[in-house]
Amino acid sequence: MPKTFFSKYKIPTKLHIPVTSFLFKWLFFALLVGVLAGSAAALLLVSLDFVTNIRESNIWLIGFLPLAGLGIG
Numbered sequence: 000m001p002k003t004f005f006s007k008y009k010i011p012t013k014l015h016i017p018v019t020s021f022l023f024k025w026l027f028f029a030l031l032v033g034v035l036a037g038s039a040a041a042l043l044l045v046s047l048d049f050v051t052n053i054r055e056s057n058i059w060l061i062g063f064l065p066l067a068g069l070g071i072g
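Going by numbering that gives the first Met the number 0, the sequence shown opens with residue 0, and the numbers climb by one from there.
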């Protein structure tokens, strides 16, 4: 039987459990970061759509932007 990569470089049986737990730990962290980043992006897009609809239905708000800038600064 020809030697393949997996038969040539086998991980010792003692290391299977630590490697597996290491893999699942980082997969969990990657999943958590992905869910949090995706949720933040979705929240940003929903809020942007909300304020865009408000701005388009109330054109007079544009006139108060310079006053709001003075109030902030």
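All residues carry an ideal CB built from backbone N, CA and C; glycine is no exception.
Span separating the alpha-carbon of residue i from that of residue j
i	j	result
Ser38	Arg54	24 Å
Asn57	Leu30	41 Å
Ile16	Phe28	18 Å
Gly70	Phe21	52 Å
Thr19	Val34	22 Å
Val45	Thr51	10 Å
Val32	Phe49	26 Å
Three-state class that DSSP yields for residue i in the structure shown
i	result
Asn52	helix
Gly72	coil
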